[in-house]
Every structure is written in structure tokens, then in C-alpha cells.
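As C-alpha cells, the structure follows; a few thoughts come after it.
Number of protein chains: 2
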Amino acid sequence: MKKPGRPPTVNRNNALEQAMRHFWQEGYERTSMEDLVTCTGMHKGSIYREFGGKREFFLAALERYIQRQSFTDSQTQQTIKSTALSTLPPLKCIEFFLRFAAGVPSEELGAVHPEDPPGCLLTNTAVEFGNTDKDIAERIETGLSTLRVFLETLLTDAHTRGETPSESDPVTQARFILTLMQGLRVMARLRPATTEEINHTVALALQSLSTPCSQVLSHSFDD
Amino acid sequence: MKKPGRPPTVNRNNALEQAMRHFWQEGYERTSMEDLVTCTGMHKGSIYREFGGKREFFLAALERYIQRQSFTDSQTQQTIKSTALSTLPPLKCIEFFLRFAAGVPSEELGAVHPEDPPGCLLTNTAVEFGNTDKDIAERIETGLSTLRVFLETLLTDAHTRGETPSESDPVTQARFILTLMQGLRVMARLRPATTEEINHTVALALQSLSTPCSQVLSHSFDD
DNA sequence: TACATTTTTGACTATTCGGTATCAAATACT
DNA sequence: AGTATTTGATACCGAATAGTCAAAAATGTA
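Same order as they appear, the protein sequences are chains A and B. No gaps in the numbering here: position 70 of the first sequence is 122 in my numbering, and each next residue is one more. No gaps in the numbering here: position 85 of the second sequence is 137 in my numbering, and each next residue is one more.
Written out as C-alpha cells, the structure reads:
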């Protein structure tokens, strides 16, 4: 049973996708309603009728981004799960996440969208809005938190497998990797990293996970 | 011999400082000329006469930020040098840089400005502008590059002192630390980190510098 | 005092912004 | 055919935007 009324001329899924990419590329403030009308093909009235306003449209685009990057499953609302991902060694998964953050499209993560803007919409939005908009900040934090928790499960898995030292803490490691990913996203937005740079950075990051923390620099906490 | 003409009512150094802080807090697009007039105390005409326009004012504020954070010396145009800094062990300096990026004011770095906005203007600008504005992107890159080079000298120093493994590469390590600092700045802008989080992250970062890279994960480069 | 110089002051402009209202066109249902 | 419903299309709004201009006021100098 189809719904009545004049049929939309443009596919709304695609329209939201284009809007998301525009926000991703240009940021919120640099994206005007006119830009959104152009890149989506929707008309102004339709956007306001179906979403409410620019801010709400942005929130919808943010949601789309998070779903699209599979930080949460659109159906089950569960943490990221990929069949290919679960078969890989956990530290190899971490490596793919890092490479992905640095700008390398990853089949393993199911993130193969050619011509995607550099960087990350979550990172960009975190920087652009900070804590000024409650709803937006909250969604960013939960999105990053979901990723962090997933990194935790990977690192816990690696820990039980003995691939990381017994004294290492997966929670700390996960936050460390998440922070590093944010940095990679910032650098990627400024200039695409070379494969050599990426290889070196990834190697150093993985090394920090799989070497014992031991004696080093206990004087770091003497203040 | 004073210069003729009506004397300015507000100190221009302080005005530029306030403008910088406003750009730092709110970003470029979210800062209107009216905001700048309010926070600087200067009048619109004066800003346009003395700087040229909003963009040029921003560039001046960016320059001020870089000078203020001592990434380059305002007189000699040389790399960062602080007497207190050169007396510290290099890895301890790295630690202060990391803590500073995470939001901890540091006397050692001469960066004790209370009530500074969270995060980093370079990071924010890199994210907001990306590569859209040539001049701005260039200044951001040179600013970050100066910091990176300084981190390199610290890590080279640590290397010759034997505080890092013989097989480690200071250039790679410096870029790694710089990237991590960007990530810390993003996270700091979203939410201030707890001292525990900072301690853990810093410890993990320093550990990655001072442990041998050895056997680990040679399969990272098999593709 | 008269003049040059510099900043203040406030009015002004053209454009763009997000948002609204209205009506026509296209479809489904009865 | 007629009606309800949904979207397309377009004109429009007040507010905010970056930027301009022309004086007036305040200083040093001759």
C-alpha cells in the first residue's frame, strides 16, 4: 500500500547522505541552507517540513554518519559488529581502525566510500561545537564512547589472548587509541598523510600496546 | 617622541589578545565582527583600517596565538626555547607537552594563562578550514611543523642520551607525539579530561617512546 | 592659533542568513 | 470524478552579516 500524495522527486536517503557529506566537508556554519538545497536536490520547504530546521537536519546527518560508519547498528542499536572484523586478530583490527582514521579506506571495517571527505564528522563537530550545544555534544560523546567501548572489547580480547602484556589496561589503551584516532583525523583534514607516515605512526601505536609498561618513567607521577 | 593624532582608548595588544581568545573559543565563523568589536573594545572602522578585514584580523590573531604559545620566538623567529625547558630531561619535556595539550597549564612551558579556552586554536583552525584557505592552512602547517621539529630535537636528545631505544626514530616519534597532542586537544575541547585520564594517557605515550619496537607486529606491513 | 594626523563615532549599504507562507502539481483512495 | 494528502515551487520576511563612509574629537607640531 503506497502512501498518497505527490511522490518525492529525489531519494531522501541519498539526500541525507549528500547533506551529511556537505556538513562533513564544510562544517555546520559554513554550510548554508542554500548549499543544502543544492546538494540534496530537496526544496527548502521540504527540508523544514521533514526535519524541522538546519540544526535538526544536521543532527539527522550526524546520525546518518554514525550509522554509516557502523559505530552503532541501525537495527539493533548494538555495538559495532562486522563478520570480517570478528575473524581478525584484535590487534589487527586496531591497526585497521588506525589506518582508517588516517584516511585509508578499509574493506575490513566495511568503510569503503570513495571520495569521502578527509577527517571525521565527529571530530569536526566536536571541535566546531565544543560544549555549546547540549544535544550535539551528547551525540558526539556517545558516538565516540561507542567506538571506545568497542576498542576496549578488542583490547580485552587481545589481553586474554596474551597478545598484550598482562599488566596493560584495556580501558586505558582504548582511550589512548581513540585519542590518537582523533589526532589522525585532524592531521588528515589538514593534509592527506603519506603511506609511510601512516605505517610509522601505526607501528608505533601498536608497539605501545604490545610492550610491557614496566619500569619506565615512574617519576611521571611524583608531583 | 609620541606620534600625533587622537590616542587609542584601548590597548591594541590587549585587544588582539581578546580577539584571539574569542576566535579560540568560538571559531572563525561563529565569531561576528560585532563580537570582535565587543570583546576588543575597538571600533569597527579601526579594525578595518588597522587590519583590513575579518580574515586578516583572524590571521593576526593566529599569529598572536603562535607567538604566545612560544612555538616561534617573536624576535628571532627561532624555534621554541625556554631556559626552564632546556634544563629538563627531554622525555620530561615531552610529558609536559602532552599534559599541556590535555589541558594542564604548565609553568615549565611558560604557558600559564588562566581561563584560557580548552583545546588549541591551531587544531580548531585546522579542522574548521581544512585546506580551503591557502594562507591559513600554510600558517597552521608551519606552526605545527615548528612544534614537530622541536619535539624532534627533544627526542633526538633523548636518543643520544640513551633514554630511548637505539632503533627508535625521533622523526617518527615526533610526528606521533604531535598527532597524539592533536587528539588530546580535540578531546579537551569536548570535555576536560580527568587527571587520572591524563596520567594514564601520558604514561602510555611515554612508554611507547622508551620501549624497543623489536619484534612486534611485523605483519603490519605485509600488504 | 592653525594644521596635520590619528582614532572615535555612528550612520549607512548590499548581501546573505535561517525560516515562513502560499499555492500548484501529482499521487492514492473512495 | 472528486477529495484528501503529500511534495514541488516560489515569493517573501526580518534579522544578522561583513564591510564602507564621512564626519567629529583628540592629540602633536608649527
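Beta carbons: idealized from backbone N, C-alpha and C, even for Gly.
P142 (chain B) and A210 (chain B) look like a contact to me (Cβ under 8 Å); what is the Cβ gap, rounded to whole Å?
4 Å
Below 8 Å, can you find three or more Cβ-Cβ pairs linking the stretch 87-103 of chain B to the stretch 168-188 of chain B?
no
Check each residue of the stretch 242-253 of chain A: if its Cβ is closer than 8 Å to any Cβ of chain B, include it; give the result in chain order.
L242, R243, E249, N251, H252 and T253
For Q77 (chain A) and chain B, any beta-carbon pair shorter than 9 Å?
yes
In or out: K54 (chain A) buried (at least 16 other Cβ within 10 Å) or exposed?
exposed
Are any of the Cβ atoms in chain A nearer than 9 Å to that of E193 (chain B)?
yes
Would you check if there are 3 or more beta carbon pairs closer than 8 Å linking the stretch 213-232 of chain B to the stretch 256-264 of chain A?
yes
Over the uninterrupted alpha helix (DSSP H) stretch that includes S84 (chain A), give me the two end residues.
Element bounds for S84 (chain A): n/a, residue is neither H nor E.
Taking just the CA atoms, how far does K96 (chain A) sit from E86 (chain A)?
Cα-Cα distance, rounded: 8 Å.
Starting from M85 (chain A), find everything on chain B with Cβ-Cβ shorter than 7 Å and list it in chain order.
Result: empty, since nearest Cβ-Cβ is about 15 Å, beyond 7 Å.
Does the beta carbon of Q70 (chain B) come closer than 9 Å to any beta carbon on chain A?
no
Strictly under 9 Å for the Cβ-Cβ distance: is A178 (chain A) near chain B by that measure?
Interface residue, yes.
Under the rule that 16 or more other beta-carbon atoms within 10 Å means buried, what is H165 (chain A), buried or exposed?
exposed
Which of helix, strand or coil does DSSP assign to M94 (chain A)?
coil
According to the Cβ coordinates, are T191 (chain A) and I118 (chain A) closer than 9 Å?
The residue you asked about is not Thr; residue 191 (chain A) is Arg in the sequence shown. The answer is yes: Cβ separation under 9 Å.
Taking P169 (chain A) as the reference, give the member of B:E160, B:P157 and B:N183 with the closest Cα.
B:N183
Does the distance from the C-beta atom of D187 (chain B) to that of L111 (chain B) stay below 9 Å?
yes
Closest to A17 (chain B) by CA distance: which of A:Y80, A:T224, A:S138 and A:E193 is it?
The structure shown does not extend to residue 17 (chain B), since chain B spans only 53 to 275, so no value can be given for it.
Quick one: which residues of the stretch 205-238 of chain B get their C-beta closer than 9 Å to a C-beta of chain A? List them in chain order.
Cβ contacts with chain A come from S220, D221, V223, T224, Q225, R227, F228, L230, T231, L232, M233, Q234, G235, L236, R237 and V238.
Does the stretch 62-82 of chain B come close enough to the stretch 140-156 of chain B to have 3 or more Cβ pairs within less than 8 Å?
By the criterion of at least three beta-carbon pairs nearer than 8 Å, the stretch 62-82 of chain B is not in contact with the stretch 140-156 of chain B.
What is the rounded straight-line gap between the Cα of F109 (chain A) and the Cα of E115 (chain A)?
10 Å
Does T280 (chain B) have its Cβ less than 9 Å from a Cβ in chain A?
Lying before the first or after the last residue shown, residue 280 (chain B) is absent from chain B, which here runs from 53 to 275.
Can a CB atom of chain A be found closer than 9 Å to the CB of S260 (chain B)?
So yes, S260 (chain B) belongs to the interface.
Just how far apart, CA to CA, sit G93 (chain B) and P264 (chain A)?
55 Å
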